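K.L.:
Just remember that our numbering sits 1 ahead of the position in the sequence shown, which is counted from 1. Each residue gets a CB set at the ideal place from its N, CA and C atoms; glycine is no exception. None of the values given here were measured: they were computed from a predicted structure. Structure incoming, see below.
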Amino acid sequence: MKPIQVGLLGIGTVGSGTFNVLQRNQEEIRRRAGRGIEITMVADLNVERAREIVGDGVDVVADARQVIANPAIDIVIELIGGYGIARALVLEAIAAGKHVVTANKALLAVHGTEIFAAAREKGVIVAFEAAVAGGIPIIKALREGLTANSIQWVAGIINGTTNFILSEMRDKGLDFDVVLKEAQRLGYAEADPTFDIEGVDAAHKATLMSAIAFGVPVQFDKAHVEGITRLSAVDIRYAEQLGYRIKLLGIAKRQAAGIELRVHPTLVPSKRLIANVEGAMNAVMVQGDAVGTTLYYGKGAGSEPTASAVIADLVDITRLHTADPDHRVPHLAFQPDELHTTPILPIEQVRTAFYLRLRVADQKGVLSAITSILATSDISIDAVLQRESNDGEHQTDVIILTHETQEGVMRAALAQMQALETVLAPIVSLRKEELA
Ligand code: NDP
Ligand code: HSE
2 MKPIQVGLLG
12 IGTVGSGTFN
22 VLQRNQEEIR
32 RRAGRGIEIT
42 MVADLNVERA
52 REIVGDGVDV
62 VADARQVIAN
72 PAIDIVIELI
82 GGYGIARALV
92 LEAIAAGKHV
102 VTANKALLAV
112 HGTEIFAAAR
122 EKGVIVAFEA
132 AVAGGIPIIK
142 ALREGLTANS
152 IQWVAGIING
162 TTNFILSEMR
172 DKGLDFDVVL
182 KEAQRLGYAE
192 ADPTFDIEGV
202 DAAHKATLMS
212 AIAFGVPVQF
222 DKAHVEGITR
232 LSAVDIRYAE
242 QLGYRIKLLG
252 IAKRQAAGIE
262 LRVHPTLVPS
272 KRLIANVEGA
282 MNAVMVQGDA
292 VGTTLYYGKG
302 AGSEPTASAV
312 IADLVDITRL
322 HTADPDHRVP
332 HLAFQPDELH
342 TTPILPIEQV
352 RTAFYLRLRV
362 ADQKGVLSAI
372 TSILATSDIS
382 IDAVLQRESN
392 DGEHQTDVII
402 LTHETQEGVM
412 RAALAQMQAL
422 ETVLAPIVSL
432 RKEELA
């Protein structure tokens with residue numbers, strides 16, 4: 002059978018990895034897919050660099066629309082990134098009847114509803130395994146492997162850049178900016194690294210996982226997003242003393258009233274496997290009612306790890322190419338007319354345990370004033386650590402771990418504690434998850 006013909010839009014970090022892996026493993030991939038898969042046309046703004054990567058025999062153009070307009074192309078891979086031109090090109094490719102593979106989580110988390118609807122109408126596939134956790138096949142696991150389960154929660158380290166930064170800062174005592182530059186050099190960081198460090202990239206991925214796990218539309222605008230830029234090294238150290246590591250987690254959790262969808266630095270018990278995921282590695286935990294807890298681990302970014310997921314999608318599409326659209330795996334796992342309107346909960350209704358650090362005057366009665374506010378707010382204390390003050394300092398840190406409470410209740414208690422004269426600096430509060 003004639004090889005399936007692929008057009009690649011954007012041959013940067015992931016695009017070049019995709020081209021190289023597809024070339025290197027072409028014979029095995031052909032045997033798995035049932036027919037050859039060939040990138041026959043590439044569009045990139047930098048035509049010269051693209052030619053150097055692909056060599057002769059591949060048509061290289063600057064205008065991506067020429068790829069979409071080519072009737073010989075069966076599948077378009079979008080690896081440009083962003084919401085702008087990428088959105089237009091993906092919709093145009095769908096309108097032209099092409100299947101689409103993309104690693105663009107930002108695009109799908111924000112415009113997924115429109116894109117999946119357009120694809121359904123045209124009977125084409127939009128595949129996006131590489132959009133969440135790079136090389137880890139988490140989309141396939143959630144959408145197919147765990148399809149028997151009622152998913153309770155998904156929690157993951159789904160941004161390699163921030164995990165790399167947190168690991169390097171903790172282990173090597175390096176500065177934030179130095180490590181961020183290294184992450185950019187290694188190709189982990191987004192074109193705009195603010196997306197990584199402010200938690201936006203992780204929220205894009207958590208949004209996609211929440212839709213697939215719970216059968217709701219993609220709703221990035223309802224996600225609660227906090228990054229690592231306000232995290233201080235002292236809290237990383239105190240957390241360690243209490244038996245916890247701080248990780249930037251993306252969490253989607255089912256509650257009776259709705260779905261929690263949030264990204265924030267989180268204390269995780271050091272003994273959990275996920276707490277020991279270091280560097281740019283990603284890991285996703287999924288709790289299903291039948292299977293229990295499962296853990297998926299691997300490289301979440303980088304040229305060839307991400308290419309691995311892009312090519313897996315190419316193989317899937319090649320196998321499904323001729324299947325009737327109604328009998329393919331749905332984009333968001335649930336049949337499109339079976340998506341629920343279960344609300345994404347406001348952050349005030351989220352339930353977690355907390356880590357609190359209070360800079361206080363080192364004098365009698367301070368701790369009891371704090372604990373009585375917690376007690377009257379019905380917030381139960383799990384552990385307290387008081388740092389000894391240095392001679393002549395007259396102030397000290399009190400660290401409190403609480404049991405689970407509602408965020409709104411904690412915010413009200415924090416306001417009361419902050420108003421105490423003996424509390425000398427803004428209180429640091431971080432959420433804690435046992436992930437048991
Ligand atoms: P790069 O910036 O390395 O590559 C993008 C490429 O697209 C560049 O070569 C760029 O050219 C080219 N480009 C830009 N605009 C156009 C256009 N209008 N037409 C054709 N080509 C264009 O990005 P990545 O490879 O890192 O990322 C690609 C996608 O994959 C993004 O959505 C990203 O979020 C996602 N992703 C990335 C991962 C990673 O590890 N890097 C992991 C998982 C997902 P020029 O350089 O000249 O601007
Ligand atoms: N910037 C992303 C990260 C790339 O650091 O995880 C992978 O999606």
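Take the Cβ of D327 as the centre, count every other Cβ of all protein chains shown within 10 Å, and call the residue buried at 16 or more, exposed below.
P.N.:
exposed
K.L.:
Please state whether DSSP places I78 in a helix, a strand or coil.
P.N.:
strand
K.L.:
Rounded to whole angstroms, what's the CA-CA distance from P1 to G280? Just pull it up for me.
P.N.:
Outside the shown range of the chain (2 to 437) lies residue 1, about which nothing can therefore be said.
K.L.:
Pick out every residue whose C-beta is nearer than 6 angstroms to a heavy atom of ligand 2: which are they, in chain order?
P.N.:
G135, N160, G161, T162, Y189, A190, E191, D197, D202, G301 and A302
K.L.:
Look at the alpha carbon of E93 and the alpha carbon of Y297, and state the distance between them as a whole number of angstroms.
P.N.:
34 angstroms
K.L.:
Give me the Cβ distance between I140 and V127, rounded to the nearest whole Å; I'm assuming they're in contact under 8 angstroms.
P.N.:
So it is not a contact: roughly 12 angstroms between Cβ atoms.
K.L.:
T163: buried (16+ other C-beta within 10 angstroms of its C-beta) or exposed?
P.N.:
buried
K.L.:
In whole angstroms, what separates the C-alpha of A203 from that of D197?
P.N.:
7 angstroms
K.L.:
Quick check: the segment 218 to 233 against the segment 243 to 262, are at least 3 beta-carbon pairs closer than 8 angstroms?
P.N.:
yes
K.L.:
On the DSSP letters alone, give me the boundaries of the beta strand (DSSP E) that Q350 sits inside.
P.N.:
Element bounds for Q350: n/a, residue is neither H nor E.
K.L.:
How would you write the range of the beta strand (DSSP E) that V385 sits in, first residue to last?
P.N.:
Note, V385: beta strand (DSSP E), I382 to Q387.
K.L.:
Quick one: grab the DSSP three-state call for Q417.
P.N.:
In the three-state DSSP reduction, Q417 falls in the helix class (H, G or I).
K.L.:
So what does E394 bridge to, in DSSP terms?
P.N.:
Paired residues: none, contrary to the question.
K.L.:
Quick check: the Cα distance between L359 and P138, rounded to an integer number of angstroms?
P.N.:
41 angstroms
K.L.:
Tell me whether I116 counts as near ligand 1, meaning its Cβ is closer than 7 angstroms to at least one heavy atom of that ligand.
P.N.:
no
K.L.:
According to DSSP, which residues form a beta bridge with A97?
P.N.:
DSSP output for A97 lists no bridge partner at all.
K.L.:
Whole angstroms is fine: what's the gap from S211's alpha carbon to A192's?
P.N.:
Looking at the two C-alpha atoms, the distance is approximately 25 angstroms.
K.L.:
Is the distance from the Cβ of V48 to the Cβ of F20 below 8 angstroms?
P.N.:
no
K.L.:
Quick check on S378: does DSSP put it in helix, strand or coil?
P.N.:
coil
K.L.:
With distances taken from CA atoms, which of F177, A142 and E53 is nearest S233?
P.N.:
F177
K.L.:
Measure from the alpha carbon of L386 to the alpha carbon of each residue in T403, P266 and D379, then state which is nearest.
P.N.:
T403
K.L.:
Just to confirm the assignment: which complete alpha helix (DSSP H) runs, minimum length 4, are found wholly within the segment 134 to 193?
P.N.:
161 to 173 and 177 to 186
K.L.:
Could you give the C-beta distance for N283 and G135, rounded to a whole number, given that I count them as a contact under 8 angstroms?
P.N.:
The Cβ separation is near 6 angstroms, so the contact holds.
K.L.:
Take V111 and list the residues in its own chain whose beta-carbon comes closer than 7 angstroms to its own, dropping the five residues that flank it on each side.
P.N.:
Y84 and F221
K.L.:
Have a look at S353 and A120 and give me their C-alpha separation to the nearest angstrom.
P.N.:
The question names Ser, yet the displayed sequence has Thr at residue 353. C-alpha separation (whole angstroms): 38 angstroms.
K.L.:
Just grab the DSSP bridge partners of A362 for me.
P.N.:
Q396
K.L.:
Considering only residues of the same chain and omitting the five flanking positions on each side of D363, which have a CB-CB separation below 8 angstroms?
P.N.:
So the list reads S390, E394, H395, Q396 and T397, once near-sequence residues are dropped.
K.L.:
Could you tell me whether the segment 293 to 311 touches the segment 330 to 349, using the rule of 3 or more Cβ pairs below 8 angstroms?
P.N.:
no
K.L.:
Does the structure place the segment 365 to 379 close enough to the segment 245 to 258 that three or more beta carbon pairs sit under 8 angstroms?
P.N.:
no
K.L.:
List in chain order: all unbroken alpha helix (DSSP H) runs of 4+ residues lying wholly within the segment 18 to 99.
P.N.:
27 to 34, 48 to 55, 65 to 70 and 86 to 96
K.L.:
Whole angstroms are fine: how far does the CA of M42 sit from the CA of A431?
P.N.:
Correcting the residue type first, residue 431 is Leu in the shown sequence and not Ala. Spanning the two alpha carbons is a distance of roughly 49 angstroms.
K.L.:
On the criterion of 16 or more Cβ atoms from any shown chain inside 10 Å, does P347 qualify as buried, or is it exposed?
P.N.:
Label assigned to P347: exposed.
K.L.:
Considering only heavy atoms of ligand 1, does any lie closer than 7 angstroms to the CB of E14?
P.N.:
Sequence check: residue 14 is Thr here, not Glu. At least one heavy atom of ligand 1 is nearer than 7 angstroms to the Cβ of T14, so yes.
K.L.:
On the three-state DSSP scale, how would you describe K3?
P.N.:
coil
K.L.:
As an exercise, report each continuous beta strand (DSSP E) stretch of at least 3 residues that is fully enclosed by the segment 253 to 328, in chain order.
P.N.:
260 to 270, 282 to 289 and 293 to 300
K.L.:
What's the call for P306, buried or exposed, on a 16-neighbour Cβ count within 10 Å?
P.N.:
Classification for P306: buried.
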